[in-house]
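For what it's worth, this note's numbering labels the leading residue of the sequence shown as 3, then goes sequentially.
A virtual CB, placed ideally from N, CA and C, is assigned to each residue, including glycine.
In what follows, a single structure is set out as structure tokens and then discussed.
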Amino acid sequence: MSREVVLVTGGAGFIGSHLCLRLFDDGYHVLCLDNFFTGRPENFGERYRELMSSGRFEFIRHDVIEPITLEVNRIFHLACPASPVHYQQNPVKTIKTNVIGTWRMLGVAKRTRARILLASTSEVYGDPEVHPQPEDYWGHVNPIGIRSCYDEGKRVAETLAVDYHRQDKVDIRIARIFNTYGPNMSVDDGRVMSNFICQALRNEPLTVYGNGGQTRSFCYVSDLVDGLFKLMDGQHPGPINLGNDKEISMLDLVMCIEKILGRPLKMENKPLPQDDPVRRRPDLTKARQLLNYEPQVSLDDGLRNTIAYFMKELGINAETTG
Ligand code: NAD
Ligand code: UDP
């Protein structure tokens, strides 16, 4: 069993919590660093006590913008709010988190010679003019829009990572993560999955932005975590797209949720937010060829698990939803 120390920044968040648990289960000593802006220890659920009594899981309440000295073997750098509602709440903080926070973590990686994986995003492609999006597409990003603190922040984070690699031989991995969903998303994070499912469960109309024809490609969180492991363990620095390449429109998503809940759902149209990408689907050629990555979980199965999670979060039992 390995006793490598792995730092996960943003470890108490949605993706981070799944990643920390998988690392823990694989025998690593896990440092879960988080400022608890959108993450929470409750994301570890019934495993919390086991983690805390194990002697190889530690919470570090810390903001990645501030300096820190840690001895680690590997770093998964995820700290950054991911939902538009959260990252637009304090855009200056978001860009600082992406730029200063990533610079700090690259500094830790340089000093300790730890391999570092940066959680970048499909948002670096902006509102893409190339479809599906391959890694060599440079993107179509508005530098001064309401999404820029996140998109441009992640683009600078990638630049920093690559420059630390070129200049200081830091061992980097860059994952471009596409829309991911699953248990541990927060109820109020404003993303389409959490909004639609919670609205449906509360018998509220589903808020469809624009005409609902815009598309996304949704990846279940266990597939994403699998991809992150493969990228970290592999030899390719990236960037590599990770996600699921089954593309659907928001109206299709409504129909999928209707099918699972077995009842029609009301919809309410809302204006399309500024710079909302029209289409998004990862080109997964590199991930398949270089990492042997293949998403396994169908949208139907993933949605069922996610609906079950939100039912628990909202205190709703099966009989009252139908
Ligand atoms: P999340 O908001 O659930 O998790 C982010 C975590 O980072 C939270 O626990 C939050 O408290 C923490 N955090 C935020 N700012 C911090 C700071 N300054 N210092 C320390 N901790 C801080 O989001 P998520 O969906 O789990 O996303 C995790 C990472 O994956 C993010 O970097 C995000 O950009 C990236 N990503 C996610 C998706 C997705 O669909 N979920 C898509 C693309 C990229
Ligand atoms: N969306 C929607 N209704 C909602 C929330 C989001 O129609 O209540 C749309 C949004 O306009 C976007 C898509 O769903 O086109 C995905 O939005 P999300 O915020 O989940 O992720 P992102 O835009 O970052 O891909």
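Report the residue from the options whose alpha carbon sits nearest the alpha carbon of residue i.
i, options, result
"Met107", "Met269, Ser300, Asp173", "Asp173"
"Thr287", "Pro241, Arg306, Ile318", "Pro241"
"Leu203", "Glu131, Asp138, Leu316", "Leu316"
"Thr182", "Ile146, Val164, Glu125", "Glu125"
"Pro185", "Ala14, Val7, Val8", "Ala14"
"Arg168", "Asp228, Ser224, Thr71, Pro239", "Pro239"
"Asp191", "Arg51, Tyr50, Ser85, Val7", "Ser85"
"His88", "Arg149, Ile179, Phe180, Gln291", "Arg149"
"Val94", "Cys151, Phe39, Ala121, Gly103", "Cys151"
Measure the alpha-carbon distance for residue i versus residue j and round it to whole angstroms.
i, j, result
"Ser300", "Asn294", "18 Å"
"Glu131", "Gly29", "43 Å"
"Cys258", "Gly109", "45 Å"
"Leu226", "Gly141", "22 Å"
"Asn319", "Gly214", "29 Å"
"Arg76", "Pro69", "18 Å"
"Val10", "Asp247", "26 Å"
"Gly147", "Leu263", "37 Å"
"Leu233", "Ile118", "11 Å"
"Arg306", "Asp165", "42 Å"
"Gly304", "Val189", "17 Å"
"Val195", "Pro275", "A small fix is needed here, since residue 195 is Met in this sequence, not Val. About 16 Å."
"Gln237", "Ile97", "29 Å"
"His79", "Asn243", "16 Å"
"Phe33", "Tyr139", "Rather than Phe, the amino acid found at residue 33 in this sequence is Leu. So the alpha carbons of these two residues sit roughly 34 Å apart."
"Leu72", "Ser56", "20 Å"
"Asn92", "Arg265", "38 Å"
For residue i, does the three-state DSSP call read helix, strand or coil?
i, result
"His20", "helix"
"Asn271", "strand"
"Ile148", "coil"
"Pro284", "strand"
"Ile1", "Any property of residue 1 remains undetermined from this structure, which presents the chain solely from 3 to 324."
"Asp153", "helix"
"Gly324", "With a pLDDT of only 48 at Gly324, under 50, the local geometry of the prediction cannot be trusted, and the value read off the model is given with reservation. Looking at Gly324 - three-state DSSP - the assignment turns out to be coil, as it is neither helix nor strand."
"Tyr311", "helix"
"Asp27", "helix"
"Gly109", "helix"
"Met3", "Because Met3 sits at a pLDDT of 45, beneath the cut-off of 50, its placement in the model cannot be relied upon, and the following sentence gives the value as read from the coordinates. Residue state, collapsed to three classes: coil."
"Asp36", "strand"
"Ile318", "coil"
"Asn100", "helix"
"Tyr183", "strand"
"Leu301", "helix"
"Val132", "coil"
"Ser122", "strand"
Under 6 Å Cβ to Cβ from residue i, same chain only, skipping five residues before and after it: list those, please.
i, result
"Glu249", "Thr217, Ser219, Arg283"
"Asp170", "Lys112"
"Pro136", "Asp285"
State the CB to CB distance for the pair residue i and residue j, rounded to an integer number of angstroms; the pair is presumed to be in contact (CB under 8 Å).
i, j, result
"Leu101", "Ala177", "Inspection of the sequence shows that residue 101 is occupied by Val rather than by Leu. Val101 to Ala177, Cβ: 18 Å. No contact."
"Pro207", "Glu270", "4 Å"
"Gly128", "Asn144", "7 Å"
"Pro297", "Cys221", "6 Å"
Suppose the cutoff is 8 Å on Cβ atoms and the five residues either side in sequence are ignored; what does the same chain contact list for residue i look like?
i, result
"Pro273", "Tyr211, Gly212"
"Ala116", "Leu9, Val74, Asn75, Arg76, Ile77, Val110, Asp173"
Please return the same chain residues whose Cβ sits closer than 7 Å to the Cβ of residue i, not counting the five positions on each side in sequence.
i, result
"Val280", "Asp129, Gln216"
"Leu53", "Phe26, Phe46, Phe59"
"Ala310", "none"
Establish whether the CB of residue i and some CB of chain B are separated by less than 8 Å.
i, result
"Leu255", "Judged by its chain identifiers, the structure shown contains no chain B, having just a single protein chain."
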